[in-house]
Amino acid sequence: MKHLPKHIRPRWRYLAVGIESTPEAEIDRGAFQRELWYAAGNLLGDPGSAEADLTVYSFSFADGHGEAIVRVRRGETDPARAAVACVSAIDGEPVGVFVRGISGTVRACEERYLRSGAGDFEQRHVVFADATRQAVSRDEAIEISMPSGFVSATELDFE
């Protein structure tokens, strides 16, 4: 089968997406793709979702922090950003999903917007709600383990 001429081939843009959740969350590529399709379908409808053609190109997630590259058709980046912003939970785990930037190639997207690891984090004990509790500290955020789940805080909350 012959390739299409260059002027007829679809043109793509790549969204660098950051994902944050609790440290114990386990999220995989398939679950993220499914939630992204549901969000796009609910927000844009079937025709809009098909025009945007959101596809997870690469994905990594560990220790409550992850990143993905989402492929989208050129000219559909604004609806795609809105659909990404509508994802609030993946497999029942609450998540924060945000677009770090948009690029015309995968390589430029990785170099400009994505980090090569999950970030530095450390486990420690903190005093919160009149008790010593386990916590995970990453950058400026602290996730405190409570009986009902995790609570997020910053260094300023402990001063």
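In terms of the working numbering, the sequence shown is residues 137 to 295.
Glycine included, every Cβ here is placed at the ideal spot set by N, Cα and C.
query                                                                                                                                : result
For GLU156: DSSP bridge partner residues                                                                                             : HIS201, GLY232
Through-space distance from SER224 to TYR174, alpha-carbon basis                                                                     : 11 angstroms
Collapsed DSSP secondary structure at GLY285 in the structure displayed                                                              : strand
ILE280 at chain D interface by Cβ criterion, 8 angstroms                                                                             : Among the protein chains of the structure shown there is no chain D, as only one such chain exists.
Three-state class that DSSP yields for GLU212 in the structure shown                                                                 : coil
Beta-carbon contacts of ARG165 that lie in its chain and below 7 angstroms, excluding the five residues immediately before and after : VAL192, PHE195
The segment 178-185 touching the segment 229-237, judged by at least three CB pairs closer than 8 angstroms                          : no
ARG269: first and last residue of the uninterrupted beta strand (DSSP E) it sits in                                                  : 267-274
Spatial distance of ARG209 from ARG260 (CA atoms)                                                                                    : 44 angstroms
Inter-residue spacing [alpha-carbon to alpha-carbon] between ILE278 and ALA161                                                       : 15 angstroms
CA-to-CA distance, SER157 to ASP214, given in whole angstroms                                                                        : 24 angstroms
Closest by C-alpha distance to ALA198, when choosing among ILE155, SER185, ALA265                                                    : ILE155
Limits of the unbroken alpha helix (DSSP H) element including ASP245                                                                 : What sits at residue 245 in the sequence shown is Cys, not Asp. Note, CYS245: alpha helix (DSSP H), 242-249.
N-terminal and C-terminal residue of the alpha helix (DSSP H) that GLU162 is part of                                                 : Per DSSP, GLU162 belongs to no alpha helix (DSSP H) and is neither H nor E.
Chain-order list of residues whose beta-carbon lies under 7 angstroms from that of ARG207 (same chain, five-residue window excluded) : TRP148, TYR150, THR191, TYR193
For ALA289 and PRO146, the rounded distance between their alpha carbons                                                              : 44 angstroms
Buried versus exposed call for ILE144 [16 or more other C-beta atoms within 10 Å across all chains shown]                            : exposed
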